[in-house]
Amino acid sequence: MDKLPQIISDYINVSNNYDTQGYLATFSEDAIIKEDSLGKALVGKKEIQHYFETYFINYQTQTEVLTYTTSENIIDMKVLFTGNFPGEEINGLFKFTLNSSGFIANLEADLE
1 MDKLPQIISD YINVSNNYDT QGYLATFSED AIIKEDSLGK ALVGKKEIQH YFETYFINYQ
61 TQTEVLTYTT SENIIDMKVL FTGNFPGEEI NGLFKFTLNS SGFIANLEAD LE
């Protein structure tokens, strides 16, 4: 298995530490999160910040990487979310696309 890109390791670590500025720093300025479980796309850091504070900080969500594959600038990942939400745990899927500078340009997220 290829090594996880550092920016993705950083994303998981800052997310689990509820570090809003660190979380935003992993994204490009014009990043998009397509969140299928919400049925919408979040465009730009202001919307991404609201998403992070609402669904990660407010629910005290922790993310554990279960499996991942890397190919060029794309990382597909299966994760386990735990936190203060109904059911207290659920599997999730992430598909990260990195830009040429190595930041997250696009994140497709869904629940299993």
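Using UniProt numbering, you'd call the opening residue of the sequence shown number 1 and step up by one each time. For every residue, glycine included, the Cβ atom is placed at its ideal position computed from N, Cα and C.
Exercise. Should Leu42 and Ile32 be called a contact, given that it needs their Cβ atoms to be closer than 8 angstroms?
Worked result: yes
For this session: Round the Cβ separation of Phe103 and Ile8 to the nearest angstrom and send it over; I've been treating them as touching at under 8 angstroms.
Result: Contact flag wrong, Cβ pair sits at about 11 angstroms.
For this session: Rounded to whole angstroms, what's the CA-CA distance from Thr82 to Glu112? Just pull it up for me.
Result: 13 angstroms
Exercise. Apart from the five residues just before and just after Gln62, which ones in its own chain have a Cβ nearer than 8 angstroms to its Cβ?
Worked result: Closer than 8 angstroms at Cβ, skipping near neighbours: Asn16, Phe81, Thr82 and Gly83.
Exercise. DSSP on Thr26, reduced to helix/strand/coil?
Worked result: Coil.
Problem set entry | Cβ neighbours of Thr67 in the same chain (closer than 8 angstroms, five flanking residues each side left out) | Counting only Cβ-Cβ distances below 8 angstroms, and skipping sequence neighbours, we find Met77 and Lys78.
Exercise. Is the Cβ-Cβ distance between Ala109 and Glu35 less than 8 angstroms?
Worked result: yes
Exercise. How far does the beta strand (DSSP E) with Lys78 in it reach, from first residue to last?
Worked result: Here the beta strand (DSSP E) through Lys78 covers Ile74 to Thr82.
Problem set entry | Distance, Leu93 Cα to Thr69 Cα | 12 angstroms
Problem set entry | CB of Ala105 within 8 angstroms of CB of Ser37, strictly | no
For this session: Compare the Cα-Cα distances from Tyr59 to each of Ile12, Ser100, Phe85 and Asp2 and report the closest residue.
Result: Phe85
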